[in-house]
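Visitor: Residue numbers (UniProt numbering): 1 to 388.
The beta carbon of each residue, even a glycine, is placed where N, CA and C say it ideally should be.
1. Enumerate in chain order the residues of its own chain whose CB-to-CB distance from residue 291 is below 8 Å, with the five nearest sequence positions on each side excluded.
2. Determine which residues share a DSSP beta bridge with residue 144 and list them.
3. Keeping to the same chain, check which residues put their C-beta closer than 7 Å to that of residue 245; ignore five residues upstream and five downstream.
4. With 16 other CB atoms within 10 Å as the buried threshold, where does residue 233 fall?
5. Can you have a look at residue 14 and say buried or exposed, based on whether 16 or more other CB atoms are within 10 angstroms of its CB?
6. Where do the ends of the beta strand (DSSP E) carrying residue 240 lie?
7. Just the C-alpha distance for residue 120 and residue 355, rounded to the nearest angstrom, thanks.
8. Helix, strand or coil: which one does DSSP assign to residue 176?
9. Leaving out five residues on either side along the sequence, give the residues of the same chain with a beta carbon under 7 Å from the beta carbon of residue 382.
10. Pull the bridge partners of residue 283 from the DSSP assignment, please.
11. Taking 7 Å as the limit between beta carbons, can you name the residues of its chain near residue 332, skipping five residues before and five after?
12. Check whether the Cβ atoms of residue 118 and residue 106 lie closer than 8 Å to each other.
13. On the three-state DSSP scale, how would you describe residue 255?
14. In three-state DSSP terms, what is residue 370?
15. Could you spell out the range, first to last residue, of the beta strand (DSSP E) harbouring residue 89?
16. Between which two residues does the alpha helix (DSSP H) carrying residue 198 extend?
17. Give the straight-line distance between the Cα atoms of residue 115 and residue 384, rounded to the nearest whole angstrom.
18. Using DSSP with H/G/I as helix, E/B as strand and the rest coil, what is residue 131?
19. Let me know the secondary structure DSSP gives residue 53 once reduced to three states.
20. With DSSP as the reference, label residue 45 as helix, strand or coil.
21. With burial defined as no fewer than 16 other Cβ atoms inside 10 Å of the residue's Cβ, what is the status of residue 185: buried or exposed?
22. Is it right to say residue 239 is buried, meaning 16 or more other beta carbons lie within 10 angstroms of its own, or is it exposed?
23. By Cβ distance below 7 Å, which residues in the same chain neighbour residue 263 in space, the five residues on each side in sequence not counted?
24. Closest to residue 277 by C-alpha separation, out of 145, 12, 5, would be which residue?
25. So who's on the other strand from residue 461, going by DSSP bridges?
26. Expressed to the nearest angstrom, what Euclidean distance is found between the alpha-carbon atoms of residue 305 and residue 98?
27. I need the DSSP call for residue 314, collapsed to helix, strand or coil.
28. What does the alpha-carbon distance come out to for the pair residue 351 and residue 109?
29. With C-beta atoms as the reference, is residue 204 less than 8 Å away from residue 179?
30. State the Cα-Cα distance for the pair residue 82 and residue 54, rounded to the nearest angstrom.
31. Would you mind reading off the limits of the alpha helix (DSSP H) that contains residue 334?
32. Between which residues of its own chain and residue 202 is the CB-CB distance below 7 Å, once the five residues before and five after are set aside?
33. Please look up how many angstroms separate the CB atoms of residue 125 and residue 136, rounded, as I've assumed it's under 8 Å.
34. Within the region 96 to 132, note down every full alpha helix (DSSP H) run reaching 4 residues or more, in order along the chain.
35. Does the beta-carbon distance from residue 163 to residue 199 come in below 8 Å?
36. Under a three-way DSSP split, which group does residue 22 fall into?
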């Protein structure tokens, strides 16, 4: 049997970082759907992230995206966040939206474009120095659309050179997390298409580089929990960008498409010691809420991660190991399915009451009148967000 107090302690210690860009207007390739009450600048994004933390108790940081969250004084933004009860988390550079990056950023055949992209990455390291952020979250849209367009080997060499330069600029506990993506926007080759490519670069870079797993960046049928277990075992799992996808990188609420997959991922995290602070695994959301209200969607995502984690913590590990050792396939599988079938909402409600917050965060938010307040206060201003 699992010690309920130990489960609660682990859940209380888990931190889930929300992304600034999820609070702003976003959309598909065809349309950005504007919503009422969305933030108009980075300060208001911080305010919304603080609201999610206030109702969930486990979302104490917000990731920034540069230049979408560019401000004149990052120290002042950090102070603003602290006053709201949260901190500034991962810094996410943008080297994919400008015309110069048509053929790539750090992998571009043009040296001047590569230098521009590298300068931006180094700028983000300087921002980290001011905000106190630990993680530089790197995703590159670099790739090719046609065979022969560029040298695959040369692009890998350019990528390695840029990553080494960024690594050498890091200090203290700072580290770089290298994300990967199967396709999009490049459709012939992506320069970091999978976890193996990211892992190989991170091994070359040493202790300051780890792999970032985006749960929506895989081909259908890929066993993400195997990737998690492997990277955790090799001490190369830096963290997650949690989301769901039905066809491609939809960036939907985590757990929306396949909650059992999210549970299986968290089982490997628990079994591999990934919840321990010493493991350094960052639990981050990467989502774009196009048709659903922003703050409630992020609250729901935080709750989904919590629920999957709670179920993973309830797996009877002794029974699981005994069944595995005995070759009892059905009993081993039942150890997981029984935990997944457990209703953990009462346990989580007790935990929240222990933490002094409402046991039902979504209902509490709806009752609070917060949306009506920000809708009225932010009327008439230009919303800040992706594509807006």
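Guide: Considering the structure as presented:
1. Position 291 of the chain shown holds residue 291. Excluding sequence positions up to five before and after residue 291, its CB lies within less than 8 Å of the CB of 33, all in the same chain and listed in chain order.
2. As a first step, residue 144 is located in the chain shown; it is residue number 144 there, counting from the start. For residue 144, which the question treats as bridged, DSSP gives the partners 189.
3. Translated into the one-based positions of the chain shown, residue 245 becomes position 245. So the qualifying residues of the chain are 216, 252, 257.
4. On the chain shown, residue 233 is found 233 positions in, with the first residue counted as 1. Exposed: under 16 other Cβ atoms inside 10 Å.
5. For the purposes of this step, residue 14 is identified with residue 14 of the chain shown, where counting begins at 1. Residue 14 comes out buried.
6. Locating residue 240 in the chain shown gives position 240, where the first residue counts as 1. Here the beta strand (DSSP E) through residue 240 covers 237 to 242.
7. The residue given as residue 120 occupies position 120 in the chain shown. The residue given as residue 355 occupies position 355 in the chain shown. If I take the Cα positions, the gap works out to 40 Å.
8. Numbered from 1 along the chain shown, position 176 holds the residue referred to as residue 176. Three-state result, residue 176: strand.
9. Here residue 382 corresponds to residue number 382 of the chain shown, with the count starting at 1. Only 40 meet the Cβ criterion.
10. Indexing the chain shown from 1 puts residue 283 at position 283. 16, 240, per the DSSP bridge assignment.
11. The residue you call residue 332 lines up with position 332 of the chain shown. Setting aside the 5 residues that flank it on each side, residue 332 is surrounded in the same chain by 320, 323, 324, each with a C-beta closer than 7 Å to its C-beta; the list follows chain order.
12. Here the question's residue 118 lines up with position 118 in the chain shown. Here the question's residue 106 lines up with position 106 in the chain shown. A contact, by the Cβ cut-off of 8 Å.
13. Residue mapping note: residue 255 aligns to position 255 of the chain shown, counting from 1. Note: residue 255 maps to coil in three-state DSSP.
14. The residue you call residue 370 lines up with position 370 of the chain shown. Residue 370: helix per DSSP, three-state reduction.
15. Your numbering for residue 89 matches position 89 in the chain shown. Per DSSP, residue 89 belongs to the beta strand (DSSP E) from 87 to 93.
16. As a first step, residue 198 must be located in the chain shown, where it is residue number 198. Its alpha helix (DSSP H) spans residues 195 to 205.
17. The residue given as residue 115 occupies position 115 in the chain shown. The residue given as residue 384 occupies position 384 in the chain shown. Roughly 28 Å separates the two Cα atoms.
18. Taking the chain shown and counting its residues from 1, one reaches residue 131 at position 131. The answer is helix: DSSP assigns residue 131 an H, G or I state.
19. Along the chain shown, read from residue 1 onward, the residue named residue 53 stands at position 53. Helix, per DSSP.
20. Taking the chain shown and counting its residues from 1, the one referred to as residue 45 is at position 45. Reduced to three states, the DSSP call for residue 45 is helix.
21. On the chain shown, position 185 is the one that residue 185 refers to. Exposed is the call here.
22. The residue labelled residue 239 in the question sits at position 239 within the chain shown. Result: buried.
23. Here residue 263 refers to the residue found at position 263 of the chain shown. Around residue 263: 308, 311, 312, 340.
24. Taking the chain shown and counting its residues from 1, the one referred to as residue 277 is at position 277. Among 145, 12, 5, the Cα nearest to that of residue 277 is on 12.
25. For residue 461 there is no data in the structure shown, the boundaries of the chain being 1 and 388.
26. Reading the chain shown from its first residue, position 305 is the one you call residue 305. Reading the chain shown from its first residue, position 98 is the one you call residue 98. Approximately 34 Å between the Cα atoms of the pair.
27. For the purposes of this step, residue 314 is taken as the residue at position 314 of the chain shown. DSSP places residue 314 in coil when its eight states are reduced to three.
28. Within the chain shown, numbered from 1, the residue matching residue 351 stands at position 351. Within the chain shown, numbered from 1, the residue matching residue 109 stands at position 109. So the alpha carbons of these two residues sit roughly 54 Å apart.
29. Position 204 of the chain shown, counted from the first residue, corresponds to residue 204. Position 179 of the chain shown, counted from the first residue, corresponds to residue 179. For residue 204 and residue 179, no; Cβs fall outside 8 Å.
30. For this step, residue 82 is matched to residue 82 along the chain shown. For this step, residue 54 is matched to residue 54 along the chain shown. Cα-Cα distance, rounded: 13 Å.
31. Residue 334 sits at position 334 when you count from the first residue of the chain shown. Here the alpha helix (DSSP H) through residue 334 covers 329 to 340.
32. Position 202 of the chain shown holds residue 202. Cβ within range, chain order: 178, 209, 210, 211, 236.
33. By one-based count along the chain shown, residue 125 stands at place 125. By one-based count along the chain shown, residue 136 stands at place 136. So it is a contact: roughly 6 Å between Cβ atoms.
34. Runs of the alpha helix (DSSP H) lying entirely within the region 96 to 132, each at least 4 residues long, are 111 to 131 in chain order.
35. As a working note, residue 163 is residue 163 in the chain shown. As a working note, residue 199 is residue 199 in the chain shown. Not a contact, by the Cβ cut-off of 8 Å.
36. Taking the chain shown and counting its residues from 1, one reaches residue 22 at position 22. Of the three classes helix, strand and coil, the one that applies to residue 22 here is helix, per DSSP.
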